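Heads up: take any position in the sequence shown, counting from 1, add 383, and you land on my numbering. Notes for the one structure printed next.
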Amino acid sequence: MQCRIADLRLKEVINVKDGTRYGFVNDVLVDTITGRLVAIVVPGPCRIWGIFGKDDDFVISWESIKRIGEDIILVEHECERPFPHQGRNRW
């Protein structure tokens, strides 16, 4: 299966460890010397209704990608920090 970088932007990234949906691919990192894809970049979650910006982007290494399907990318990624809505009551 071949896939263009532009096609990756239409795919949602999901962690197979806990089912977390990271969002859609925003960018890719390419090693310019070898020409290989190094990582995909997914924007971090927004803070408080998107008014106060967003958290850092998720950089997911190519080795963490387990499967690329028609519309999703399954990854096995260790999240350094939980999303704001996980593990606590916001109100």
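Every residue, glycine too, gets a C-beta built ideally from N, C-alpha and C. The structure presented is a predicted model; accordingly, all values stated were derived computationally and were not measured.
DSSP places ASP401 in the coil class of the three-state scheme, outside both helix and strand.
Judged by DSSP secondary structure, ILE388 falls within the alpha helix (DSSP H) whose first and last residues are 388-391.
Residue environment for VAL396: buried (at least 16 other C-beta atoms within 10 angstroms of its C-beta).
The beta carbons of ILE455 and LYS394 sit closer together than 7 Å.
In this structure, the beta-carbon distance from ASP440 to PRO426 falls below 7 Å. With a cutoff of 7 Å on beta-carbon distance, ASP410 and VAL421 are scored as not near each other. Taking a contact as a CB-CB distance under 8 Å, the pair VAL399 and GLU461 does not count as one, their CB atoms being some 12 Å apart.
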